[in-house]
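The working numbering puts the first residue of the sequence shown at 431, with every later residue one more than the last. The C-beta atom is built at its ideal place from N, Cα and C for all residues, glycine as well. Computed from a prediction, not measured in an experiment: that's the story for all the values here. One structure below.
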Amino acid sequence: METLFIPTETDIKRWVKEAMQEYMADHVPAQNNDHIGQDLFNRKEIAKFLRVSLVTLTDWMKRGLPSHKQGGRIYFDKKEVLDYIKKNSSGSTRRSRRCESDQSRSALASCRYLHGRDDE
431 METLFIPTET DIKRWVKEAM QEYMADHVPA QNNDHIGQDL FNRKEIAKFL RVSLVTLTDW
491 MKRGLPSHKQ GGRIYFDKKE VLDYIKKNSS GSTRRSRRCE SDQSRSALAS CRYLHGRDDE
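Right, here's the structure in full:
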């Protein structure tokens, strides 16, 4: 006669946990989390650091400012943001003219900062 095995709740939880770990190991790429917790900013913090409004920050994000979503929140790596700004602050005359024609003083300061002309 064959013995019938009835799993307990603990058995089922363990199996689900093992299956999820296996799936995650096979399907989710490993992330380099060496920098997690170091120089990470939320939206308000990075906007304050860059001296821009949240609206400007959102515009920059649409234009490619690097950000990371985790747990439904957006975080910015300080080094990535500064590298992006340096890379994109070549001072394009077309972009500079558009920024300088803006009437808003804070927007002008933001554009100057983004384009590496913070001293003006």
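Annotation: the continuous alpha helix (DSSP H) that includes residue 444 extends over 439-457. Residue nearest to residue 518 within the set 506, 443, 446 and 495 is 495 (criterion: CA-CA distance). Within the same chain, Cβ atoms closer than 8 angstroms to the Cβ of residue 474 are found at 484, the five residues on either side in sequence being excluded.
CA-CA distance, residue 505 to residue 476, rounds to 9 angstroms. For residue 435, DSSP assigns no beta-bridge partner whatsoever.
Boundaries for residue 469: no alpha helix (DSSP H) harbours it, and the DSSP string shows neither H nor E there.
Looking at the DSSP output, residue 493 shares a beta bridge with no other residue.
Around the Cβ of residue 507, a 10 Å sphere holds 16 or more other Cβ atoms; the residue is buried.
Taking C-alpha positions only, residue 435 is separated from residue 442 by approximately 12 angstroms. Buried is the label assigned to residue 511, since at least 16 other Cβ atoms lie within 10 Å of its Cβ.
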